[in-house]
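All remarks here apply to the structure that follows.
Structure representation (structure tokens):
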């Protein structure tokens, strides 16, 4: 339903991110940079060190802000802007 405030609340991890983010160089800064650039929610992707950000717009600016934050920490990184699907996963064949 495009409720980005709800998405941000749902993605607020209190179990593993408080322990993992500080040990990934640049991750805390990348999260903050993404939020400042317009991301609605930012999280580790899996156990890290990959990160994912969600936004309705400003995708290139958010990705570049994260890359820049990691560069300051001495890490090379890259980003992808991905499209979403409205109908989710579908099974088309069992063969």
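In this note's numbering, the protein residues as written are 14 to 108.
Note that the Cβ used here is the ideal one computed from N, Cα and C, for glycine as well.
Remember, predicted model here, so these are calculated numbers, not experimental data.
Three-state secondary structure assigned by DSSP to residue i
| i | result |
| --- | --- |
| residue 24 | coil |
| residue 57 | strand |
| residue 50 | coil |
| residue 91 | coil |
| residue 36 | helix |
| residue 98 | coil |
Length of the line joining the Cα atoms of residue i and residue j
| i | j | result |
| --- | --- | --- |
| residue 101 | residue 32 | 31 Å |
| residue 36 | residue 42 | 12 Å |
| residue 76 | residue 19 | 22 Å |
| residue 68 | residue 46 | 13 Å |
| residue 17 | residue 66 | 11 Å |
| residue 44 | residue 14 | 24 Å |
CB of residue i within 8 Å of CB of residue j, strictly
| i | j | result |
| --- | --- | --- |
| residue 39 | residue 82 | yes |
| residue 71 | residue 87 | no |
| residue 73 | residue 94 | yes |
Identified DSSP bridge partners for residue i
| i | result |
| --- | --- |
| residue 67 | 54 |
Evaluate the contact criterion for the stretch 24 to 31 versus the stretch 42 to 60: three or more CB pairs, one atom per stretch, below 8 Å. The stretch 24 to 31 is in contact with the stretch 42 to 60.
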